[in-house]
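Peer 1:
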Amino acid sequence: HNDLPWNIRKFIHNHLVNFNLSSDLSVTEPWSKSSWSHTDLPRLRKGMVGAQFWSAYVPCSSQHMDAVQITMEQVDVIRRFTELYSDDLKLVTSAQEIRAVHREGKIASMIGVEGGHSLGNSMAVLRMFYKLGVRYLTLTHACPTPWAGCCSSLFSPSPGSQLVVRECNRLGMLIDLSHTSVQTMRHVLNISSAPVIFSHSSAFALCPSPRNVPDPVLKLVALNDGIVMVSFYSLYLTCSLNSSIDDVIAHLDHIKNVAGEDHVGLGAGYDGIN
Numbered sequence: 001h002n003d004l005p006w007n008i009r010k011f012i013h014n015h016l017v018n019f020n021l022s023s024d025l026s027v028t029e030p031w032s033k034s035s036w037s038h039t040d041l042p043r044l045r046k047g048m049v050g051a052q053f054w055s056a057y058v059p060c061s062s063q064h065m066d067a068v069q070i071t072m073e074q075v076d077v078i079r080r081f082t083e084l085y086s087d088d089l090k091l092v093t094s095a096q097e098i099r100a101v102h103r104e105g106k107i108a109s110m111i112g113v114e115g116g117h118s119l120g121n122s123m124a125v126l127r128m129f130y131k132l133g134v135r136y137l138t139l140t141h142a143c144p145t146p147w148a149g150c151c152s153s154l155f156s157p158s159p160g161s162q163l164v165v166r167e168c169n170r171l172g173m174l175i176d177l178s179h180t181s182v183q184t185m186r187h188v189l190n191i192s193s194a195p196v197i198f199s200h201s202s203a204f205a206l207c208p209s210p211r212n213v214p215d216p217v218l219k220l221v222a223l224n225d226g227i228v229m230v231s232f233y234s235l236y237l238t239c240s241l242n243s244s245i246d247d248v249i250a251h252l253d254h255i256k257n258v259a260g261e262d263h264v265g266l267g268a269g270y271d272g273i274n
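For the sequence shown, the UniProt record's numbering begins at 1 and goes up steadily by one.
1) If we ignore side chains and look at the alpha-carbon of each, how far apart do Thr71 and Cys207 end up?
2) Helix, strand or coil for Lys90, going by three-state DSSP, please let me know.
3) Please tell me whether Tyr236 and Ser209 are closer than 8 Å, where the distance is taken between their beta carbons.
4) Measure the C-alpha to C-alpha separation of Asp88 and Asp225 and round it to an integer number of angstroms.
5) Starting from Arg135, trace the beta strand (DSSP E) in both directions and tell me its first and last residue.
6) Would Asn2 and Ser86 be called neighbours here (beta carbons separated by less than 8 Å)?
7) Determine the closest residue to Asp271 out of Trp31, Val17, His15, with distance taken between C-alpha atoms.
8) Which value, in whole angstroms, describes the spacing of the CA atoms of Gln63 and Pro144?
9) Would Cys150 pass as a contact of Ser118 if the rule is Cβ separation under 8 Å?
10) Is Lys219 near Ala259, with beta carbons less than 8 Å apart?
11) Which one of Ser240, Leu241, Ser231 has the shortest CA to CA distance from His251?
12) Measure the C-alpha to C-alpha separation of Thr140 and His179 and round it to an integer number of angstroms.
13) Taking the alpha carbon of Ile78 as the point to measure from, which residue in Gln69, Leu91, Val68, Asp66 has its own alpha carbon closest?
14) Taking the alpha carbon of Asp40 as the reference point, which residue from Phe53, Ser26, Lys33 has its own alpha carbon closest?
15) Going by other Cβ atoms of all chains shown within 10 Å of its Cβ, with 16 needed for buried, is Leu177 buried or exposed?
16) For Ala124, count neighbouring C-beta atoms within 10 Å of its own C-beta (all shown protein chains included) and say buried if the count is 16 or more, exposed if not.
17) Where Pro214 and Lys256 are concerned, what is the direct C-alpha to C-alpha distance, given to the nearest angstrom?
18) Ala56 by DSSP, collapsed to three states: which one?
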């Protein structure tokens, strides 16, 4: 899970002519001045990244207003920069394509929409996002939708959540439960016919943040054959402003021990954490 697309919007208004992903952005303004900036091709290559979900995120302030339009613009910028840097990146929409692109020595690039508010409460928008290459939907961000609760709300999932889950299952759109309430996590894990993901969450037992996954839910993830991708954000690792790679490993180990080694991965959250 990588929030570079939002930083592209925030820093250069999606004008890719003012952007060089092949350069070291840690010494290039305005990126070098931001503690939220971590991503460029040299660092992706140094880290041996083989596949990356780029996040088409829009803030909750756009909910019930222009969220759909802004999300479309973010999907567009992801598609444009993956095409612009086609020597290193390639947009993929299936596991088979990921493996093929990896054999080519390129970084498989996928698109996730981070927040159900991006749908504008429309199943048609969900279907069109899928046609544009989006392959996961985070059911909420920091705001609830009319059909799902976010981690900071007591809102319980409504009957509409079943419609969204079933349509995602039918399309082949991964359901992402990061940012959702525990009630929503449990509800979706009980009704989804396909594995779910947590794109950037950690273990609640080690850091009791509402953004993390409690052990009983981790056990449901294993039954669902889903996966929890560990966030690298200090507030979700140690519930403080400081953390290290040892804390990441502790969360990986805990989730492995509770859910099993097939149900844990790396979520990171680069360009969306500091």
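All residues carry an ideal CB built from backbone N, CA and C; glycine is no exception.
Peer 2: The structure says:
1) 31 Å
2) strand
3) yes
4) 31 Å
5) If you look at Arg135, you'll find it in the beta strand (DSSP E) that goes 134-138.
6) No. Outside cutoff.
7) Trp31
8) 10 Å
9) no
10) A distance below 8 Å separates the beta carbons of Lys219 and Ala259.
11) Ser231
12) For Thr140 and His179, the distance between alpha carbons rounds to 6 Å.
13) Leu91
14) Answer by Cα proximity: Ser26.
15) buried
16) Around the CB of Ala124, fewer than 16 other CB atoms lie within 10 Å, so the residue is classed as exposed.
17) 13 Å
18) strand
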